[in-house]
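Data block below; observations after.
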Amino acid sequence: MIDGRIDLDAAVAMMAEAVDTARARDGVGHVVVPGGRSPTRLYAALAAAGLPDATWRLHLSDERCVPADDPRRNAPSVAAALRLAPGHPARPSGPPALDDDAEAARRHAARLADVPDFAIVVLGLGADGHVASLLPGDPRPLAPDAPDALVVVSAAHDPPRRITLSAARLARTPTLLLVVDGDDKDAAVAAVEVGADVPANRVVGPRRLLVDLRG
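Quick note on the numbering used here: the sequence shown kicks off at 11 and runs consecutively.
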């Protein structure tokens, strides 16, 4: 289920406000951001507003298990979409690119242990109802006691191996924004709205809002 819908401008304003609130408490604001095509317009709007600034700390919702220089990695593509120059403190962080994916996930989870609750979480909604790399048919990252980060494998995705934040870690935020774009997302949006058993509905937090960019 969702608690309401907001437009693109409201999403940008809400993210900025969430970081401002967290900054007053923690000095910086920790924000989860997705890869993929759904947030493309959101990232353009943030960049046009001069965001993220130096007080933001971005964390990827998931990352593909490929070498550091592979163009399929989310970190560089998200940084480019947000127009974040090398060395900018808000450039997105995620698991390291290691030959041992399990070790990369363990190191990522250990680093996240020192990160306070996220100021706001932004997730792209997939056509099958997945968010991050919480994929249908894999209950491990949905479990309440799942580690903050873990490896998932899906032959239906390229590449098949990914490291994702768990549903429990993603839910540690006051506000979750589900961003949807693309003509193939109608069924996923309907599933979220009626509370169907899809991975997106397993990330349960105080407030869940839909940023609908279709059309």
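The beta-carbon is built from N, C-alpha and C at its ideal position, and this holds for glycine as well.
This one's a predicted model, so the numbers in the text were calculated from it and none came from an experiment.
{"query": "In angstroms, rounded to a whole number, what distance separates the CA positions of valine 131 and alanine 197?", "result": "22 Å"}
{"query": "Could you give the C-beta distance for valine 213 and alanine 159, rounded to a whole number, given that I count them as a contact under 8 Å?", "result": "Not a contact, Cβ separation roughly 15 Å."}
{"query": "Helix, strand or coil: how does DSSP classify alanine 50 here?", "result": "Correcting the residue type first, residue 50 is threonine in the shown sequence and not alanine. Residue state, collapsed to three classes: helix."}
{"query": "In whole angstroms, what separates the C-alpha of proline 99 from that of threonine 65?", "result": "8 Å"}
{"query": "So what does serine 103 bridge to, in DSSP terms?", "result": "His69"}
{"query": "Taking leucine 122 as the reference, which of Asp72, Arg150, Leu92 and Arg83 has the closest Cα?", "result": "Asp72"}
{"query": "Assuming glycine 139 contacts valine 42 under a Cβ cut-off of 8 Å, what Cβ separation, rounded to an integer in Å, is found between them?", "result": "Not confirmed; about 18 Å, so no contact."}
{"query": "Pull up the distance between the alpha-carbon of proline 49 and that of leucine 94, whole angstroms please.", "result": "16 Å"}
{"query": "Taking just the CA atoms, how far does serine 143 sit from valine 163?", "result": "9 Å"}
{"query": "Check this for me: beta carbons of glycine 14 and leucine 219, under 8 Å apart or not?", "result": "yes"}
{"query": "According to the Cβ coordinates, are aspartate 191 and arginine 47 closer than 8 Å?", "result": "yes"}
{"query": "Taking the alpha carbon of aspartate 127 as the point to measure from, which residue in Leu135, Arg35 and Asp222 has its own alpha carbon closest?", "result": "Arg35"}
{"query": "If distances are taken between C-alpha atoms only, which option among Pro62, Arg74, Arg217 and Ala166 comes closest to valine 29?", "result": "Pro62"}
{"query": "Reducing DSSP to helix, strand and coil, say where leucine 180 ends up.", "result": "helix"}
{"query": "Considering only DSSP beta bridges, list what threonine 174 is partnered with.", "result": "Asp72 and Leu160"}
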